[in-house]
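Participant:
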Amino acid sequence: VKMLIQEVQSEVCPRHTEYKFSDLARILEGVNHRLGQRIDEVTCQEVEDELMELEEKNGTGRVKLSDFYARHLDDENQQFHHRPEYLRRAGVLDESEPAVPRIIIPNYLVMKANCLNVSSLYDLCCLDLCEDLFDQLEEGIQAPSATSEEIIKAVSATQSFYSPKGRNLSDVLVKKLMEVADHHGGQVPLHGRLFAQWMHFAFPRECPYPHISGATKPLSNNEWFEETGTLATASKAEVRSVIDASQSALGSTACDDSDEGMCMWTPDEELVDAASWQAMQIAQPVPTPQRSLRSSLRACAFLAVSVTSLVAMWRLVQQSRTALGFGWGAGNKPTAAAAAAAADAASLSAPAVHALETP
22 VKMLIQEVQS EVCPRHTEYK FSDLARILEG VNHRLGQRID EVTCQEVEDE
72 LMELEEKNGT GRVKLSDFYA RHLDDENQQF HHRPEYLRRA GVLDESEPAV
122 PRIIIPNYLV MKANCLNVSS LYDLCCLDLC EDLFDQLEEG IQAPSATSEE
172 IIKAVSATQS FYSPKGRNLS DVLVKKLMEV ADHHGGQVPL HGRLFAQWMH
222 FAFPRECPYP HISGATKPLS NNEWFEETGT LATASKAEVR SVIDASQSAL
272 GSTACDDSDE GMCMWTPDEE LVDAASWQAM QIAQPVPTPQ RSLRSSLRAC
322 AFLAVSVTSL VAMWRLVQQS RTALGFGWGA GNKPTAAAAA AAADAASLSA
372 PAVHALETP
């Protein structure tokens, strides 16, 4: 912050030895404007880079808690030493494999402990990288909901630092998105927990995992101490015990979806605006089973009568040709008598078809 003040001071009031109140106000305004960006570019980016170095597999967006703590012991990293209880309450831990807990990288980056309290009104925190992805999707879809096909097309057009444009989604991701669409009758609400969860697994490095409301309680270090009476950070002995426990559990079995990183998937939905979504669903006409059945039966009956009428017409034409002795004229065209007989047959069958069309 001190360096930032000096930087703004040299730009706003260069070569000043004395400052008016208006000069100080301009300097502070410039510092306030740049501080959030500077924190994200320097502090947050450093933390993000370190976590990416520790990432368990390429693209999973997770770091083993034991590796997380080992970096703290090896490099004296002052960031990576929050106790497991604090991380769990903050919604940072993936404990789908209890013996080997993992840090969820995007959840850790937006953790409250990483924010800088600059005012009683707000804190300065790391940017949520998922917001830019949502902006791109909303610009492409331009609707509060979309089909799974529309979303897949829009996602292929989005890009981030970690995800290039034109990516092909895995079969598991496509299947999960279709499940979300089926859950909502064919449309996926873009502002709900299930789609946010899908976005987390589609972009595990950028999008935080959305916990169910009430499952987490983000606290700052001071708030944690006031509530629990213990420090939010773990001692070196506690850190070593976690590392030792994780090493002894290396042969444990992960969940069935571990290859796709879907162990934490849950079918629980929470909509940002549930009332509007329900109203939109009610406004859309949905054919009832009775109406669909009635339409199908009417179509089948009409087809049967039409076929019967055509057969009767043909038979009458044949009978007319035999009885009157008229056949087909030159050029395979019917003679006058045959045409008259066909017209009589048509007039006999027409009332049956007309009667069917009457509701």
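For the sequence shown, counting from 1, position 302 maps to 323 in our numbering; every step adds exactly one. Here a beta-carbon is modelled for each residue, glycine too, at the ideal position from N, C-alpha and C.
Going by CA-CA distance only, name the one from G213, T64 and S141 that's closest to V293.
Facilitator: Of G213, T64 and S141, the residue nearest in Cα terms is G213.
Participant: Looking only at DSSP bridge pairs, what is V84 linked to?
Facilitator: I124, per the DSSP bridge assignment.
Participant: Can you give the Cα-Cα distance for P20 and K257, rounded to whole angstroms?
Facilitator: One cannot answer for residue 20 here, as it falls past the ends of the chain, which runs 22 to 380.
Participant: When you compare only the Cα positions, how much space is there between T309 and H204?
Facilitator: Because the pLDDT of T309 is 45, which lies under 50, any placement of that residue in the model is unreliable, and the number read from its coordinates should be weighed accordingly. If I take the Cα positions, the gap works out to 19 Å.
Participant: What is the rounded straight-line gap between the Cα of T179 and the Cα of D144?
Facilitator: Near 29 Å, if we compare the C-alpha coordinates of D144 and T179.
Participant: Given this structure, state the Cα-to-Cα distance separating S87 from Y107, to the nearest angstrom.
Facilitator: Distance between the alpha carbons of S87 and Y107 is about 16 Å.
Participant: Quick one: measure Cβ to Cβ for S234 and A134, integer angstroms, because I've assumed they're closer than 8 Å.
Facilitator: That pair is no contact at about 21 Å.
Participant: Determine the closest residue to G207 out of Y183, I172 and C284, with distance taken between C-alpha atoms.
Facilitator: The shortest C-alpha separation from G207 is found at I172.
Participant: Apart from the five residues on each side of it in sequence, which residues of its chain come closer than 6 Å, Cβ to Cβ, to L215?
Facilitator: Excluding sequence neighbours, L215 sits near V201 and E290.
Participant: Anyone know if the C-beta pair for V263 and Y129 falls short of 8 Å?
Facilitator: No.
Participant: When you compare the region 220-227 with the region 148-160, are there three or more beta-carbon pairs, one atom per stretch, that lie closer than 8 Å?
Facilitator: Touching, per the Cβ criterion.
Participant: Would you mind listing the alpha helix (DSSP H) stretches within the region 165-238 that are 4+ residues and don't spill past its ends, in chain order?
Facilitator: You should have 169-178, 192-204 and 214-223.
Participant: What distance in whole Å lies between the Cβ atoms of G187 and A175, which are believed to be in contact at a cut-off of 8 Å?
Facilitator: 12 Å between Cβ atoms; not a contact.
Participant: Please report the straight-line C-alpha distance between R83 and S117, rounded to a whole angstrom.
Facilitator: Rounded to the nearest angstrom, the two C-alpha atoms are 12 Å apart.
Participant: When burial is assigned at 16 or more other CB atoms within 10 Å of the CB, is E67 buried or exposed?
Facilitator: By the neighbour-count rule (16 or more Cβ atoms within 10 Å), E67 is not buried but exposed.
Participant: Quick one: what does DSSP say L45 is sitting in, helix, strand or coil?
Facilitator: L45 falls in the helix class under three-state DSSP.
Participant: Which word fits P210, buried or exposed, when buried means at least 16 other C-beta atoms lie within 10 angstroms of its C-beta?
Facilitator: Classification of P210: buried, given that the 10 Å Cβ count is 16 or more.
Participant: Straight-line CA distance for A120 to S267?
Facilitator: Taking the straight line from one Cα to the other gives about 6 Å.
Participant: DSSP has D144 in a bridge; who is on the other side?
Facilitator: According to DSSP, which records beta bridges pairwise, D144 is partnered with N138.
Participant: Using a Cβ-Cβ cut-off of 8 Å (strictly less than) and excluding sequence neighbours within five positions of L114, which residues of its own chain qualify?
Facilitator: Counting only Cβ-Cβ distances below 8 Å, and skipping sequence neighbours, we find L86, P105, L108, P122, R123, I124 and I125.
Participant: Looking only at DSSP bridge pairs, what is D115 linked to?
Facilitator: R123.
Participant: What are the boundary residues of the alpha helix (DSSP H) that T249 is part of?
Facilitator: Here the alpha helix (DSSP H) through T249 covers N242 to T249.
Participant: When we look at the beta-carbon of A236 and count the other beta-carbons within 10 Å, is it buried (16 or more) or exposed?
Facilitator: Exposed is the call here.
Participant: Could you tell me the alpha carbon to alpha carbon distance between S184 and A167, rounded to whole angstroms?
Facilitator: Using only the alpha carbons, I get a separation of about 22 Å.
Participant: In three-state DSSP terms, what is H102?
Facilitator: Three-state DSSP puts H102 in coil, outside helix and strand.
Participant: CA-CA distance, Q157 and T251?
Facilitator: Their Cα atoms are separated by approximately 43 Å.
Participant: Within its chain, find whatever has a CB closer than 6 Å to the CB of D44; leave out the 5 residues flanking it on each side and keep chain order.
Facilitator: For D44, where only same-chain residues beyond five positions count, the Cβ hits under 6 Å are C34.
Participant: Does L142 pass the burial test, meaning 16 or more other C-beta atoms within 10 Å, or should it be called exposed?
Facilitator: Result: exposed.
Participant: Could you tell me which residues DSSP pairs with T254 in its beta bridges?
Facilitator: Beta-bridge pairing links T254 to H103.
Participant: Would a C-beta distance cut-off of 8 Å place G80 and P229 closer than the cut-off?
Facilitator: It is not a contact, given that the beta carbons lie outside the stated cut-off.
Participant: Note down the Cα distance separating F42 from Q58, rounded to an integer number of angstroms.
Facilitator: Distance between the alpha carbons of F42 and Q58 is about 25 Å.
Participant: Can the beta-carbon of D65 be found less than 8 Å from the beta-carbon of C136?
Facilitator: Per the sequence shown, the amino acid found at residue 65 is Cys instead of Asp. No. Outside cutoff.
Participant: Do you know offhand how far T249's Cα is from S31's?
Facilitator: T249 and S31: Cα-Cα distance of roughly 45 Å.
Participant: Among R36, E77, R47 and L94, whose alpha-carbon lies nearest the alpha-carbon of A255?
Facilitator: Measuring from the Cα of A255, the nearest candidate turns out to be L94.
Participant: DSSP state of L150, grouped into three classes?
Facilitator: Correct three-state label for L150: coil.
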